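**Student:** So in this note's numbering the end of the sequence shown lands on 299, straight run, no missing numbers.
Glycine is no exception: its CB is placed at the ideal position from the N, C-alpha and C atoms.
Fair warning: this is a prediction, and the values are worked out from it, not measured in the lab.
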Amino acid sequence: MKDKPTTFLETLRYGAEAALFMAFIGLFRVLGPDRASYLGGWIGRNILCHLPPDRVARANLAAAFPEKTQAERDAIRMAMWDNLGRVVGEYAHLDAFSITGPNPRIRVIDRAQSVAALADGKGVIFVSGHLANWEMMPITGNLLGFDGATVVRPPNNPFVAHYLEVQRGLLGPKDQIAKHNAMRRMIAQLRAGKALYMLADQKLNEGVPVPFFGRDAMTTPAPAALALKLGARIVFASNRRTHGARFEVVLYPGPDFTPTGEETKDMLALTAAITARIEEMVRADPAQWLWIHNRWPKDGRPPRDSAAALT
-11 MKDKPTTFLE
-1 TLRYGAEAAL
9 FMAFIGLFRV
19 LGPDRASYLG
29 GWIGRNILCH
39 LPPDRVARAN
49 LAAAFPEKTQ
59 AERDAIRMAM
69 WDNLGRVVGE
79 YAHLDAFSIT
89 GPNPRIRVID
99 RAQSVAALAD
109 GKGVIFVSGH
119 LANWEMMPIT
129 GNLLGFDGAT
139 VVRPPNNPFV
149 AHYLEVQRGL
159 LGPKDQIAKH
169 NAMRRMIAQL
179 RAGKALYMLA
189 DQKLNEGVPV
199 PFFGRDAMTT
209 PAPAALALKL
219 GARIVFASNR
229 RTHGARFEVV
239 LYPGPDFTPT
249 GEETKDMLAL
259 TAAITARIEE
269 MVRADPAQWL
279 WIHNRWPKDG
289 RPPRDSAAAL
299 T
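#1: In angstroms, rounded to a whole number, what distance separates the CA positions of residue 200 and residue 182?
#2: On the three-state DSSP scale, how would you describe residue 278?
#3: Report back the beta-carbon spacing between residue 167 and residue 141 to the nearest angstrom; my notes put them in contact at under 8 Å.
#4: Would a C-beta distance cut-off of 8 Å place residue 266 and residue 133 closer than the cut-off?
#5: Which same chain residues, not among the five before or five after residue 16, have their C-beta less than 6 Å away from its C-beta?
#6: Residue 263 to residue 269, Cα distance in whole Å?
#7: Taking 8 Å as the CB-CB cut-off, is residue 110 touching chain B?
#8: Pull up the distance between the alpha-carbon of residue 84 and that of residue 21, whole angstroms please.
#9: What residues in its chain sit with their C-beta under 6 Å from that of residue 127, if we drop five residues either side in the sequence?
#10: What residue from 186, 10, 232 and 230 has the CA that sits closest to residue 213's CA?
#11: Rounded to whole angstroms, how far is the Cβ of residue 222 from the Cβ of residue 233, which I believe are closer than 8 Å?
#12: By the three-class DSSP mapping on this structure, what secondary structure does residue 194 have?
#13: Can you tell me where the beta strand (DSSP E) with residue 226 in it begins and where it stops?
#14: Helix, strand or coil for residue 187? Go by DSSP, reduced to three states.
#15: Can you tell which of 255, 229 and 282 has its C-alpha closest to the C-alpha of residue 70?
#16: Measure the Cβ-Cβ separation of residue 205 and residue 191 and say whether it is below 8 Å.
#17: Candidates 99, 257, 49 and 147: which alpha carbon is nearest residue 68's?
#18: Would you kindly work out how many angstroms separate the C-alpha atoms of residue 88 and residue 95, rounded to a whole number?
#19: Rounded to whole angstroms, how far is the Cβ of residue 251 from the Cβ of residue 97, which I believe are closer than 8 Å?
#20: For the segment 124 to 185, which segments carrying the beta strand (DSSP E) assignment without a break, of at least 3 residues, lie completely within its bounds, in sequence order?
#21: Can you tell me whether residue 210 is buried or exposed, with buried defined as 16 or more other CB within 10 angstroms of its CB?
#22: If I follow the unbroken alpha helix (DSSP H) through residue 6, where does it start and stop?
#23: Could you check if residue 62 is buried or exposed, using at least 16 other CB atoms within 10 Å of its CB as the buried criterion?
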């Protein structure tokens, strides 16, 4: 993300993009969370699905599920667009997602005994992927009492980025760390006994190659590196849309992993274990994952191993 536009034309373009974005956000806000989610889903199924990223989704689904019929993969793809559109509509209502009260929008199942992790003072790393509405993980953790920071990739448009930062901080952590050059801030959070919320399913050119749906994918080693370096506990968060703008967040314990003392080998092995768990989450309901990532190398070229960057 750029801090601010550098030219008049860039300012004009970013301003026009932000104006259109905010017009939709204003409409979504007026509608309320349920109707905003519904309208967003309609937009996803009828408009977003015709944009160029749909080609990436088609290719990814064909490679990930060769055993499925074309009709089955198309159904997953269209449900994915519905979910993505709903996520956009729900950004206008991130202040409406509670975990308590007579009719909470988030149902939490804590199988990780995660609250106990606060007591050891070593910090907690919540890990998930772009599942359902992925903003539910930091909101849930923050409302459970895990003060900390969300690791984000802000959009290039600084006006849109500012809006999203404010929305995320309404119920989620106010501290947000941009992914690039963020290691020092992440270490500081964990050393203070706080939480980090990380999505570990996107392609990272500077990452390490580990299997994901049968193919090596360049993956961030940050959760593994931080856990090994600082002794922080990993907690998986599986986000699932149950119906409309309502969700279930299941917290699982991290991998049962014993370090060997070989730093690079341990980091690769733990990163592979984390990625395998994310794959399990995706396979459980593939329509709720974001298949439009360029997740795997193109043209069959082997991925570049950058493990040394974090050792």
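**Tutor:** Reading it off the structure:
#1: 29 Å
#2: coil
#3: 5 Å
#4: no
#5: 24, 77 and 80
#6: 10 Å
#7: The structure shown contains no chain B; it holds only a single protein chain.
#8: 7 Å
#9: 85, 159 and 160
#10: 186
#11: Actually they do not touch by this definition, with Cβ atoms about 28 Å apart.
#12: coil
#13: 221 to 231
#14: strand
#15: 229
#16: yes
#17: 49
#18: 8 Å
#19: Not a contact, Cβ separation roughly 34 Å.
#20: 136 to 140 and 163 to 166
#21: buried
#22: -4 to 19
#23: exposed
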